[in-house]
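Okay, so here's the structure we're looking at.
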Amino acid sequence: MNKNLCKVSSQPIISCHDFGKQPLGNGFLNKEEFDKEYFFDMAIGFSKESLLLQLLEQPENSEMFHEEYAFFSSTSEGMKKHFKKFSDDIFNSKYFNNDDNFVVELGCNDGILIDNFAKKNIRHLGIEPSLNVADVARGKGINVISKFFEKKLASEIISKYGKANIFMAANVMCHIPSLNDVIEGIKLLLKPNGVIIFEDPYLGDVITKKSYDQFYDEHVFIFSALAIQKLFEKFNLELINLEPQLTHGGSMRYYLAHKGFYEKSENVDKIINQELNLGLNKEITFRKFSDDVKKSRNDLIKLLKSLKKEGKTIAGYAATSKSTTILNYCGIGPDLIDYITDTTPIKQNKFSPGMHIPIVDYEYFKNNPPDYAFLFAWNHSKEIMEKEKDFMHSGGKFLTHVPEVRIL
Ligand code: DWN
Numbered sequence: 037m038n039k040n041l042c043k044v045s046s047q048p049i050i051s052c053h054d055f056g057k058q059p060l061g062n063g064f065l066n067k068e069e070f071d072k073e074y075f076f077d078m079a080i081g082f083s084k085e086s087l088l089l090q091l092l093e094q095p096e097n098s099e100m101f102h103e104e105y106a107f108f109s110s111t112s113e114g115m116k117k118h119f120k121k122f123s124d125d126i127f128n129s130k131y132f133n134n135d136d137n138f139v140v141e142l143g144c145n146d147g148i149l150i151d152n153f154a155k156k157n158i159r160h161l162g163i164e165p166s167l168n169v170a171d172v173a174r175g176k177g178i179n180v181i182s183k184f185f186e187k188k189l190a191s192e193i194i195s196k197y198g199k200a201n202i203f204m205a206a207n208v209m210c211h212i213p214s215l216n217d218v219i220e221g222i223k224l225l226l227k228p229n230g231v232i233i234f235e236d237p238y239l240g241d242v243i244t245k246k247s248y249d250q251f252y253d254e255h256v257f258i259f260s261a262l263a264i265q266k267l268f269e270k271f272n273l274e275l276i277n278l279e280p281q282l283t284h285g286g287s288m289r290y291y292l293a294h295k296g297f298y299e300k301s302e303n304v305d306k307i308i309n310q311e312l313n314l315g316l317n318k319e320i321t322f323r324k325f326s327d328d329v330k331k332s333r334n335d336l337i338k339l340l341k342s343l344k345k346e347g348k349t350i351a352g353y354a355a356t357s358k359s360t361t362i363l364n365y366c367g368i369g370p371d372l373i374d375y376i377t378d379t380t381p382i383k384q385n386k387f388s389p390g391m392h393i394p395i396v397d398y399e400y401f402k403n404n405p406p407d408y409a410f411l412f413a414w415n416h417s418k419e420i421m422e423k424e425k426d427f428m429h430s431g432g433k434f435l436t437h438v439p440e441v442r443i444l
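Our numbering numbers the first residue of the sequence shown as 37 and each following residue consecutively.
Here you go:
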């Protein structure tokens, strides 16, 4: 893969911001593994041709998604509710037939979304290459195939199950560098009246909230509707609806279908126009974003250092993939953040990728509350604020970097 060319259009990329050497976002590790840790050069660039903002380089799939993948989707109660509503939206839509439904989910993780279809005995298939999370889904009775999706796999699925009327994905499409091949596969798999429904963190929110931590090894693209419309058009697939979502700090749900089959919602032109006003099709927007990111880094380092100087204790709240970018880009290690608490067993008693801050369980946080907790899972802030009333009542404070670095 040529890092100077767009992964989709093969046209030159304009480099916009350099995050320096980064480890794997989910590469939590033991002490013995410190000296063989994986790093790559992380920078983002914009293609004027495809309008895709993208990583210039990305590690191999097998480095990131494997039998010890550290992120389990069902760790958030808020996300469980969100995906229940997502499936209800599909059940109640005109896209869902009463007769022969076959629902395919790309990157089903532990089954948080597709479980809602399995429970209703709807014919379904989850595709999940990371074996450990796929096994959790299988344990729930979900039919899962553990492979990376590509055009070839679409043909295999068709010969075994037939074509799908719903092809869905949540926080997955933005992980895939080979989108041309994958979209060809999706198109092949889709019935003539079928619909592709997927959602991902939204570029409009990343730019306005300066949430640069949405970039890490796994997120090779952060999409705009402009880019998605252009990309799928090449395959005669039409963007028929857009629905902004509050999840993951601001996401967009995209609906696509074979061209001309469904009427296009007014939302499509409305949101596309908003994006043009925001300049999501212009290089200058991403140059300005780069300045915002540098300022955010300086402000954060300054705040953490001044709190430390006052003798305050600071912990990280949730060892998110996003936190890997913040910590490594800002050079924040155990000298500034004492520990990070996380509820995911596979991350606990390990160290954060790159900066090697200890990851501890939730009990430790309860027993050793810090003066300040950096909200690395800022996207789950509503759920966390609800849960942490005691911490705040006893004087604990949260820190965030979105949209500005501040004490909450
Ligand atoms: O796209 C992706 C998104 C959907 O999920 C993946 N590439 C990887 C992952 O990214 P992330 O790790 O940044 O996602 P979250 O959902 O922000 O991470 C939540 C983490 O926070 C989990 O490790 C669990 C933890 N957590 C916690 O310790 N206490 C979460 C909540 C809500 C809590 O109360």
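Every residue, glycine too, gets a C-beta built ideally from N, C-alpha and C. Keep in mind that this is a model prediction, so the values were computed, not measured.
- Apart from sequence neighbours up to five positions away, the residues of its chain that approach V396 with a beta-carbon distance below 6 Å are Y375 and T377, ordered along the chain.
- Note that the C-beta distance between F185 and I212 is below 9 Å.
- Assigned with DSSP and collapsed to three states, L292 falls in strand.
- Residue pairing of N277 in beta bridges, as defined by DSSP: Y291.
- With respect to the 9 Å criterion, N137 and G162 are not classified as neighbours on the basis of their beta carbons.
- Contact annotation: K433 and Y408 have beta-carbon atoms nearer than 9 Å.
- Partner residues in the beta bridge of K433, as assigned by DSSP, are Y408.
- Under the three-state reduction of DSSP, D236 is assigned to strand.
- DSSP places M421 inside the alpha helix (DSSP H), whose first and last residues are S417 to K423.
- Residue side-chain check: M115 places its Cβ nearer than 8 Å to a non-hydrogen atom of the ligand DWN.
- A straight-line Cα-Cα distance of about 23 Å links K300 and L88.
- The Cβ atoms of E96 and A79 lie no closer than 9 Å to each other.
- Contact between D253 and F76 holds: CB atoms are separated by about 7 Å, below the 8 Å threshold.
- A straight-line Cα-Cα distance of about 28 Å links C210 and M421.
- Contact annotation: L239 and I219 have beta-carbon atoms that are not nearer than 9 Å.
- At a threshold of 8 Å, I420 counts as near the ligand DWN, since its beta carbon sits closer than that to one of the ligand's heavy atoms.
- The beta carbon of E440 lies closer than 8 Å to those of K246, S332 and D335 in the same chain, with the five residues before and after it left out.
- DSSP places R323 within a helical segment (H, G or I) once states are collapsed to three.
- For A263, the enclosing alpha helix (DSSP H) starts and ends at A261 to E269.
- Excluding five sequence positions before and after S195, none of the CB atoms of its chain fall closer than 8 Å to its own CB.
- The beta carbon of D54 is closer than 7 Å to those of A79 in its chain, skipping five residues each way along the sequence.
- Only residues of its own chain outside the window of five on either side were considered, and among them C366 have a CB closer than 6 Å to the CB of I337, listed in chain order.
- Taking all protein chains shown into account, H255 has 16 or more neighbouring C-beta atoms within 10 Å of its C-beta and is therefore buried.
- Setting aside the 5 residues that flank it on each side, K57 is surrounded in the same chain by F75, each with a C-beta closer than 6 Å to its C-beta; the list follows chain order.
- Every alpha helix (DSSP H) stretch that sits fully inside the stretch 167 to 197 and reaches 4 residues is listed by chain position as 167 to 175 and 187 to 197.
- The stretch 100 to 162 contains, as complete beta strand (DSSP E) runs of 3+ residues, the segments 139 to 142 (chain order).
- At a Cβ-Cβ threshold of 9 Å, I350 and K344 count as neighbours.
- When secondary structure is reduced to three states using DSSP, I395 falls in the strand class.
- DSSP places T361 inside the alpha helix (DSSP H), whose first and last residues are S357 to C366.
- By the beta-carbon neighbour count (other beta carbons within 10 angstroms, threshold 16), H284 is buried.
- Residue pairing by DSSP places K57 opposite D77 in a beta bridge.
- Y105 and Q281 have their alpha carbons spaced roughly 26 Å apart.
- Between the C-alpha atoms of L91 and S46 there is a straight-line separation of about 14 Å.
- Assignment of K330 by DSSP, reduced to helix, strand and coil, places it in the helix class.
- In this structure, the ligand DWN has no non-hydrogen atom nearer than 8 Å to the beta-carbon of D374.
- Ranked by Cα distance from T361, the first of H437, Y298 and G177 is H437.
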